[in-house]
Amino acid sequence: MAQSLVTEKLTLSYGTTTIIDELSIAIPMNKITVLIGANGCGKSTLLRSVARLLKPKNGAVLLDGEDVFHLSTKEVAKKLSILPQSPVAPEGLTVLQLVKQGRYPHQTWRKQWTEQDEKIVMDALKSTGMYDLQHKIVDELSGGQRQRAWIAMTLAQDTDIILLDEPTTYLDLTHQIDVLDLLFDLNRTQQRTIIMVLHDINLACRYADHIITVKDRTIFEQGKPEDIMTAELVENVFDLKCQMMTDPLFGTPMCLPFGKGRVIQQLNKV
Ligand SMILES: Nc1ncnc2c1ncn2[C@@H]1O[C@H](COP(=O)(O)OP(=O)(O)OP(=O)(O)O)[C@@H](O)[C@H]1O
Ligand SMILES: [Mg+2]
């Protein structure tokens, strides 16, 4: 089991533009953490750097106390997997071939494909509803199917820590809930650490043990949804006026955004 994932005075930039500035945070282990924040605030940049895909300008990401850039790609990939925001599959690749690539970090010249690898790949295909589509070409899938194929590949990597950048984009509501439920089960039954970016604040509040809000090159606020998610926070982080209520099904915070709409209720006039 991975023991810790922290950033130490992490500074991330593209050229001379600083995106994240001297950020020190500890990701709670064996929990579900959701990153939220406005478009362009640096969520993907942060996630990519945690997954060793982007080198920090300063500071470090420490996985079990070791700088991820001092570890080999394979060592990191055995502990941590990432589903990037807009992954691109090589042309002509089938779903099965894509998902099998998730097993790559576990293979060596001595240990080739095993029954265990096969089982993990099949389980990943089934749990994402992609089993029947496994022989399809990834490029020829619908947006939602393609997203689920990538999620299956990420799951096939079978890591303690799973990072997902907007895993629910392109998915219809049923599949959004399916994917989030699947991640929830992986967390609750197998103690996997999940860190994901979501744009739906209400789903974030339902599933997250811990929410991290990103703004102005750093963390604006973090904590349990019930403790931090207020209308004031939403206005600060997203520049959006809203009313916070309690989700009638889950008892978690629920954000009702103001704005225009077909029927204007009294409530909306603030
Ligand atoms: N490869 C790149 N080169 C230069 N600038 C980049 C690059 N990738 C991202 N940026 C810039 O860095 C900033 C943060 O981008 P990032 O993708 O991390 O935002 P985000 O919070 O994930 O946004 P979104 O919600 O739209 O996905 C943005 O201003 C973006 O334009
Ligand atoms: Mg992003």
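Residue numbers (UniProt numbering): 1 to 270. Idealized CB from N, CA, C, for every residue including glycine. These numbers come from a predicted model, not from an experiment.
Just the Cα atoms here: how many angstroms apart are residue i and residue j?
i	j	result
Ile264	Lys241	15 Å
Gly251	Asp227	13 Å
Pro87	Ala149	11 Å
Ile36	Val237	9 Å
Ile27	Phe69	18 Å
Leu71	Thr189	29 Å
Ala60	Leu198	24 Å
Val138	Gly92	7 Å
Leu62	Val6	5 Å
Pro84	Gln112	27 Å
Leu249	Asp158	32 Å
Pro253	Leu54	34 Å
Glu103	Thr33	For the sequence presented, residue 103 should be read as Arg rather than Glu. Rounded to the nearest angstrom, the two C-alpha atoms are 25 Å apart.
Pro257	Gln101	41 Å
Asp185	Met229	24 Å
Asp209	Lys224	6 Å
According to the Cβ coordinates, are residue i and residue j closer than 8 Å?
i	j	result
Leu203	Glu221	no
Val179	Leu133	no
Met1	Asp160	yes
Leu163	Ser44	no
Met153	Val214	no
Thr18	Arg217	yes
Lys78	Pro56	no
Ile201	Cys255	yes
Val121	Ala89	no
Gly42	Ile25	no
Thr128	Ile151	yes
Gln191	Asn30	yes
Helix or strand or just coil, what does DSSP make of residue i?
i	result
Asn58	strand
Asp67	strand
Val6	strand
Glu75	helix
Asp21	strand
Leu88	Note that residue 88 is Val in the sequence shown, not Leu. Looking at Val88 - three-state DSSP - the assignment turns out to be coil, as it is neither helix nor strand.
Ala51	coil
Val214	strand
Phe220	strand
Pro28	coil
Pro105	helix
Gln243	strand
Item to check | Uninterrupted alpha helix (DSSP H) stretches inside the region 116-163 (no shorter than 4 residues) | outcome: 143-156
Checklist entry - Counting pairs of beta carbons, one from the region 48-67 and one from the region 10-18, are three or more of them closer than 8 Å? => result yes
Item to check | Whole alpha helix (DSSP H) elements within the region 179-211, 4-residue minimum | outcome: 201-207
Item to check | contact_flag[the region 137-152, the region 168-179] where n(CB pairs < 8 Å) is 3 or more | outcome: yes
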